[in-house]
Amino acid sequence: QRRDTRKQNSNIRCDYTTVDWECDGSWEQISIENTWRHLEDLVYTGLTKSIGVSNFNINSLKRLLKSARIKPVVNQVEMHPYLIQEELISFCKEHDITIVAYCPIGSPGNAALAFSKNLEQHPSLVKGQPEFIIQHPTILRIASLYEKTPAQTVLRWALQQGVVVIPKSISRPHIDENIDVFDFRLNESHMKEISALGKHDIIRYVPANNVLWGEPISHESFWDNNVKQWHL
688 QRRDTRKQNS NIRCDYTTVD WECDGSWEQI SIENTWRHLE DLVYTGLTKS IGVSNFNINS
748 LKRLLKSARI KPVVNQVEMH PYLIQEELIS FCKEHDITIV AYCPIGSPGN AALAFSKNLE
808 QHPSLVKGQP EFIIQHPTIL RIASLYEKTP AQTVLRWALQ QGVVVIPKSI SRPHIDENID
868 VFDFRLNESH MKEISALGKH DIIRYVPANN VLWGEPISHE SFWDNNVKQW HL
């Protein structure tokens, strides 16, 4: 793996390289310390400028920071109003690690893949499935007050917490809409209202066994919260 990474990076010099999950494709637990040392070597040899992690919880970060010579620049995780990641954001800020949020407006195309500890009792359920974040009445109301779209409102909520957002879109109008979020600011009351949507229970759209191949591993290995599968 180290040789392959070096070969790839020597052909295409990278600004940024990440460790995505704390396991390999066979779902065997691997040494994150060894993996991280190889990534650090890529920085020292000039093959990449920055290194980071993805889908690391607080315990995984603590373990990594004990031996790291170079701290991860970012931690890329799922984060949105149904999964507000308060403790993880606070920990990363304390250690100067930037949170990069994927699925920052949820995953409207994957609502049937939602995960939650108690999904059946979640206050955002509509006909047995989570209501799309950008269709939630609270988001719609706040968006109208600022004359912005629901997606722009949710992205702004994340940005004001110091989070980098990477919304996915192949539509040029939606891409333009997602960029147009720097000419307004949500007040503190509205920030708290949006955050409150994720305080009852969490909902995730990216389960571990949907992201990688091989046999599923317990979700607790990847996330601090217990979750259960929904409609897979």
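According to the working numbering, the stretch in the sequence shown is residues 688 to 919, in order.
Glycine included, C-beta positions come from ideal geometry on N, C-alpha and C.
The structure presented is a predicted model; accordingly, all values stated were derived computationally and were not measured.
How many angstroms separate the CA atom of residue i from the CA atom of residue j?
i: residue 740; j: residue 848; result: 19 Å
i: residue 760; j: residue 785; result: 6 Å
i: residue 738; j: residue 728; result: 10 Å
i: residue 868; j: residue 743; result: 28 Å
i: residue 733; j: residue 723; result: 15 Å
i: residue 832; j: residue 822; result: 15 Å
i: residue 781; j: residue 751; result: 15 Å
i: residue 865; j: residue 818; result: 21 Å
i: residue 861; j: residue 794; result: 14 Å
i: residue 755; j: residue 726; result: 10 Å
i: residue 763; j: residue 875; result: 25 Å
Measuring CA to CA, which of the options is closest to residue i?
i: residue 885; options: 768, 793, 832 and 858; result: 768
i: residue 921; options: 880, 756, 794 and 838; result: This structure cannot settle anything about residue 921, because the visible part of the chain is limited to 688 through 919.
i: residue 787; options: 730, 855, 890 and 833; result: 855
i: residue 835; options: 883, 872 and 781; result: 872
i: residue 840; options: 772, 748, 755 and 882; result: 882
i: residue 850; options: 735, 776 and 730; result: 776
Please list, in chain order, all residues of the same chain as residue i whose beta carbon is under 6 Å from its beta carbon, the five residues on each side excluded.
i: residue 897; result: Confidence is the limiting factor: at residue 897 the pLDDT is only 43, short of 50, which leaves the residue's position unreliable and the question unanswerable from this model.
i: residue 852; result: 788, 791, 842 and 845
i: residue 829; result: 840 and 877
i: residue 766; result: 772 and 788
i: residue 753; result: none
I'd like to know whether the C-beta atoms of residue i and residue j end up nearer to each other than 8 Å.
i: residue 757; j: residue 778; result: no
i: residue 837; j: residue 846; result: no
i: residue 857; j: residue 770; result: no
Spell out whether any CB of chain C is found under 8 Å from the CB atom of residue i.
i: residue 766; result: Judged by its chain identifiers, the structure shown contains no chain C, having just a single protein chain.
For residue i, which residues from the same chain have a beta carbon less than 7 Å from its beta carbon, with the 5 sequence-adjacent residues on both sides left out?
i: residue 820; result: 767, 768, 769, 792, 793, 826 and 841
Identify, in the order they occur along the chain, each residue of the same chain with its Cβ nearer than 8 Å to the Cβ of residue i, setting aside the five sequence neighbours on each side.
i: residue 783; result: 758
- 4-residue-minimum alpha helix (DSSP H) runs that sit fully inside the segment 829-868, ordered along the chain: 837-846 and 859-866
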